[in-house]
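Please read the structure below before turning to the comments.
In the numbering used here, the protein residues as written are 8 to 348.
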């Protein structure tokens, strides 16, 4: 089968102790069935620890939200005692993600990881492919897959090479029309052009929705509330942020858009890309307003934190998907207005 992925994935390496975060703290870690069965077969002290610290297929976090197998040196006891090959699938893959479309597999690295975020912000996405051994994969509608793949290629091309943020607004108009066509079993691509007129943005309405999301880090909601208080005074988007915002939009589009082949839903996923790009840019502007020395490293941390709170909670993604249809501040003209203010 074919494996499609951004070429920058090849340069990703976990930076381990150099990382300011830890992917073994604060996450609910599901254990895949094969690994769970193996852990249940382990004898001795480690086997006893495994059985005591696993409940309903997940590791039971400590009071400090740490994985129970993360030791005082921030090293994994399972890795140390059983070897890398016996980590559960999530721990093996993270921060990589994968999706399967019949004879095609796609993958990338997630923005929630500090080092992955640095790479994503630093390099334009260039897609590459290679042959890999066949893997078990469900089927998909080949006609819908073909039109969505062409649509994604078109949107990424414009995001990378056309003026910004006009390309984001044209992308939203394109997605509105494409969704309408798909809903009517018309699998032809519309023109990629700006159609709608920007309207006054309701930034406070947007921020209110983000404040209702289930927090992973208890500091996140107070941080969003604080930034909301700065909304009227922060400066516009500085030109030097544009290349980074383009890359974030492309990241979200690549990661989520093709999931529409399974349910025919593409507009909310394009809005996720647009709104996430806007929100991360807004948070960067808040950081720059309060700290003149706000650096690229700070931008990486902010993007990573947003990703952890939004992307890595299925509940939060579902809440946003509903809001993109039901809440007026997420209409395409209002989103475009937010970018242009």
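All C-beta atoms, glycine included, are put in the ideal place defined by N, C-alpha and C.
As the crow flies, the alpha-carbon of residue 185 is around 15 Å from that of residue 266. Around residue 332, the same chain offers 275 as residues with beta carbons nearer than 7 Å, after the five sequence neighbours per side are excluded. Restricted to the segment 197-254, the alpha helix (DSSP H) segments that are unbroken, complete and at least 4 residues in length are 210-218 and 227-236, listed in chain order. The DSSP-derived three-state label of residue 319 is coil.
Per the C-alpha coordinates, the member of 317, 262 and 339 positioned closest to residue 156 is 262. For the options 201, 103, 345 and 150, the alpha carbon positioned closest to that of residue 258 is the one of 103.
Here residue 344 carries a helix assignment [DSSP, helix/strand/coil]. Annotation for residue 278: the continuous alpha helix (DSSP H) segment containing it runs 274-297.
Less than 8 Å separates the beta-carbon of residue 128 from that of residue 254.
Beta bridge pairing from DSSP links residue 73 with 32. One alpha carbon belongs to residue 178, the other to residue 199, and they sit about 7 Å apart. Taking 4 residues as the shortest admissible run, the segment 73-150 contains the following complete alpha helix (DSSP H) segments, listed from N- to C-terminal end: 84-89, 96-100 and 121-129. Per DSSP, reduced to three states, the secondary structure at residue 68 is coil, with no helix or strand assignment.
Residue pairing of residue 12 in beta bridges, as defined by DSSP: 135. For residue 39, the three-state secondary structure derived from DSSP is coil. The DSSP-derived three-state label of residue 62 is strand. By the Cβ neighbour-count rule, residue 25 is exposed, with fewer than 16 other Cβ atoms within 10 Å of its own. Non-local beta-carbon contacts of residue 251 in its own chain, meaning distances under 7 Å to residues more than five positions away in sequence, involve 128 and 306 in chain order. CA-CA distance, residue 141 to residue 278, rounds to 33 Å.
The beta carbon of residue 124 sits closer than 6 Å to those of 118, 307, 310 and 311, all from its chain and outside the five residues before and after it, given in chain order. Sorting 148, 32, 108 and 205 by C-alpha distance to the C-alpha of residue 341 places 205 at the top. When only Cα atoms are considered, residue 112 and residue 93 end up about 24 Å apart. If you draw a straight line from the Cα of residue 212 to the Cα of residue 73, it comes to about 34 Å. When 51, 97, 54 and 36 are compared, the shortest CA-CA separation from residue 68 is found for 36.
By the Cβ neighbour-count rule, residue 62 is exposed, with fewer than 16 other Cβ atoms within 10 Å of its own.
Sequence-distant partners of residue 22 (beyond 5 residues in either direction) whose C-beta falls short of 6 Å from its own C-beta, in its chain, are 122. A direct Cα-to-Cα measurement between residue 43 and residue 96 gives close to 10 Å.
In this model, residue 194 and residue 260 are separated by some 19 Å (Cα to Cα). Taken through DSSP and simplified to helix, strand or coil, residue 161 comes out as helix. For the pair residue 167 and residue 131, the CB atoms are nearer than the 8 Å cut-off. Rounded to the nearest whole angstrom, the CA to CA distance from residue 105 to residue 27 is 25 Å. Put simply, of 219, 239 and 144 the residue whose alpha carbon is nearest the alpha carbon of residue 323 is 219.
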